[in-house]
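Chemist:
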Amino acid sequence: MQRILLTGASGFLGSALALNLSQAGYHLTLLLRSSSRLNRLTGRESTLEICRFRTYDEVTDIVAKIEPDLVIHTACCYGRKGESNVELLETNILYGLNILQGLIATNKSATFINTSSVLPPDVSPYALTKDQFVQWGRALAAQSNRLRFINVRLQHMYGPGDDPSKFSTHVLQACHRNEPELKLTAGEQKRDFVYIDDVVNAYSTLIENCDSFKSACDVDVGTGIAPSIKQFVETVHALTGSKTKLLFGDVPYRSNESMHCQADITKMLGLGWIPKYDLISGLKRTIDMEFHK
Numbered sequence: 010m011q012r013i014l015l016t017g018a019s020g021f022l023g024s025a026l027a028l029n030l031s032q033a034g035y036h037l038t039l040l041l042r043s044s045s046r047l048n049r050l051t052g053r054e055s056t057l058e059i060c061r062f063r064t065y066d067e068v069t070d071i072v073a074k075i076e077p078d079l080v081i082h083t084a085c086c087y088g089r090k091g092e093s094n095v096e097l098l099e100t101n102i103l104y105g106l107n108i109l110q111g112l113i114a115t116n117k118s119a120t121f122i123n124t125s126s127v128l129p130p131d132v133s134p135y136a137l138t139k140d141q142f143v144q145w146g147r148a149l150a151a152q153s154n155r156l157r158f159i160n161v162r163l164q165h166m167y168g169p170g171d172d173p174s175k176f177s178t179h180v181l182q183a184c185h186r187n188e189p190e191l192k193l194t195a196g197e198q199k200r201d202f203v204y205i206d207d208v209v210n211a212y213s214t215l216i217e218n219c220d221s222f223k224s225a226c227d228v229d230v231g232t233g234i235a236p237s238i239k240q241f242v243e244t245v246h247a248l249t250g251s252k253t254k255l256l257f258g259d260v261p262y263r264s265n266e267s268m269h270c271q272a273d274i275t276k277m278l279g280l281g282w283i284p285k286y287d288l289i290s291g292l293k294r295t296i297d298m299e300f301h302k
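Numbered by our numbering, the letters in the sequence shown go through residues 10 to 302 in order.
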């Protein structure tokens, strides 16, 4: 049985993966900071193996002792809650580096599945740190004949229970509450919106097929279709029957705005994974589970 180490289980994706992997029968260990709460996994803590740490310096030794066959790294800091650049660097680079060093120290073959951003590094400090960590992962995998680094270029994930600070959740909640108005950019940016269940299934597919990948590689996870932000918002507005006034163009684009993000899912299709939800079916399911419980 594969021993899997999962980070970020307090988050949206990590908690969904924790439930899926534990139910699938893997020997799963959650690696968490001592301050992290598992609100999304309330009532299930007793069924999960949890290892906590106080400082990132402890992580290398912890990982070396656990000796996981595979690491799924979903922990990250977006910088949306006033975190400093140092905090972004610690969470998005140093944390993962310490895990990689721990894997190398075991002298065993291991796979590290990283969750990265599709945004260019110049868009934000978050995107920059995520890109820099990918470079570190590739470099360390190239230096070791026992380490495989699979970098998941995850598109714009959404679903019930996602963080309210994210754009998709913000739009869903504003339209559901019939807020008087919603200020937006012109909405010409194109984004590949992928539903959480499809993302979880994609990771399961990668786990089952990780031996087919070379030492370092990128894999896109999305639907392969990129509607505009305006189309996304108008679809949410229609599906919720909202009376909110949509003010497209009231918010200026960022100077370095990324105008097109779309997954090339050829590799994933080749592994037998197919996204089940298109935008409308995914949004309908999100609305039903989020607001009609």
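Heads up, the beta-carbon is just placed ideally off N, CA and C, and yes, glycines get one too.
Looking at the secondary structure, which residues open and close the beta strand (DSSP E) in which Lys254 lies?
Modeler: Lys254 to Phe257
Chemist: State buried or exposed for Leu30, treating a residue as buried only when at least 16 other CB atoms are found within 10 Å of its CB.
Modeler: buried
Chemist: Please report the straight-line C-alpha distance between Asp66 and His185, rounded to a whole angstrom.
Modeler: 44 Å
Chemist: From this set, Lys223, Ser126 and Ser237, which residue's C-alpha is nearest Lys276's C-alpha?
Modeler: Lys223
Chemist: Relative to the C-alpha of Leu163, which candidate in Thr244, Thr120 and Val209 has its C-alpha closest?
Modeler: Val209
Chemist: Compute the distance between the beta-carbons of Val81 and Thr38, then report whether it is under 8 Å.
Modeler: First, the residue type needs correcting, since residue 81 is Ile and not Val in the sequence shown. The answer is no: Cβ separation not under 8 Å.
Chemist: Give the straight-line distance between the Cα atoms of Gly23 and Thr16, rounded to the nearest whole angstrom.
Modeler: 7 Å
Chemist: May I have the straight-line CA-CA distance separating Leu97 from Thr64, to the nearest angstrom?
Modeler: 15 Å
Chemist: When the Cβ atoms of the stretch 238-254 are set against those of the stretch 174-185, are three or more pairs found closer than 8 Å?
Modeler: yes
Chemist: Take Leu256 and list the residues in its own chain whose beta-carbon comes closer than 7 Å to its own, dropping the five residues that flank it on each side.
Modeler: Glu190, Leu191, Lys192 and Leu193
Chemist: In the DSSP assignment, what are the bridge partners of Asp227?
Modeler: Asn160
Chemist: When burial is assigned at 16 or more other CB atoms within 10 Å of the CB, is Gly279 buried or exposed?
Modeler: exposed
Chemist: Looking at the C-beta of Asp207, does it have a partner C-beta in chain B at a distance below 8 Å?
Modeler: The structure shown contains no chain B; it is built from a single protein chain.
Chemist: As a quick exercise: from Val132, Asp171 and Gln32, pick the residue whose alpha carbon is nearest that of Met268.
Modeler: Val132
Chemist: Once DSSP output is grouped into helix, strand and coil, what is the label at Ile238?
Modeler: helix
Chemist: With DSSP as the reference, label Val80 as helix, strand or coil.
Modeler: Val80: strand per DSSP, three-state reduction.
Chemist: Just list the beta strand (DSSP E) runs in the stretch 31-76, keeping only unbroken ones of 3 residues or longer that don't cross its boundaries, in chain order.
Modeler: Runs of the beta strand (DSSP E) inside the stretch 31-76: 36-42 and 58-62.
Chemist: Phe222 by DSSP, collapsed to three states: which one?
Modeler: In the three-state DSSP reduction, Phe222 falls in the coil class, being neither helix nor strand.
Chemist: Between the stretch 195-202 and the stretch 164-171, do at least 3 Cβ pairs fall closer than 8 Å?
Modeler: yes
Chemist: Whose C-beta lies closer than 8 Å to the C-beta of Ala33 among residues of the same chain, with five residues either side of it excluded?
Modeler: Ser213
Chemist: What does the Cβ neighbour count give for Gly146, buried or exposed, with the cut at 16 atoms within 10 Å?
Modeler: buried
Chemist: Alpha carbon to alpha carbon, how far is Ser125 from Thr56? Give it in angstroms, no decimals.
Modeler: Rounded to the nearest angstrom, the two C-alpha atoms are 29 Å apart.
Chemist: How close, in whole Å, do the beta carbons of Ile113 and Leu156 come, if the pair is a contact with beta carbons under 8 Å?
Modeler: 6 Å
Chemist: Do Thr232 and Asp287 have their C-beta atoms within less than 8 Å of each other?
Modeler: Cβ distance < 8 Å, so Thr232 and Asp287 count as in contact.
Chemist: Which residues does DSSP pair with Ile122 in a beta bridge?
Modeler: Ile81 and Ile159
Chemist: Once the 5 residues before and after Ile13 are set aside, which same chain residues still bring their CB inside 8 Å of it?
Modeler: Leu30, Tyr35, His36, Leu37, Thr38, Pro77, Asp78, Leu79, Val80, Ile81 and Ile216
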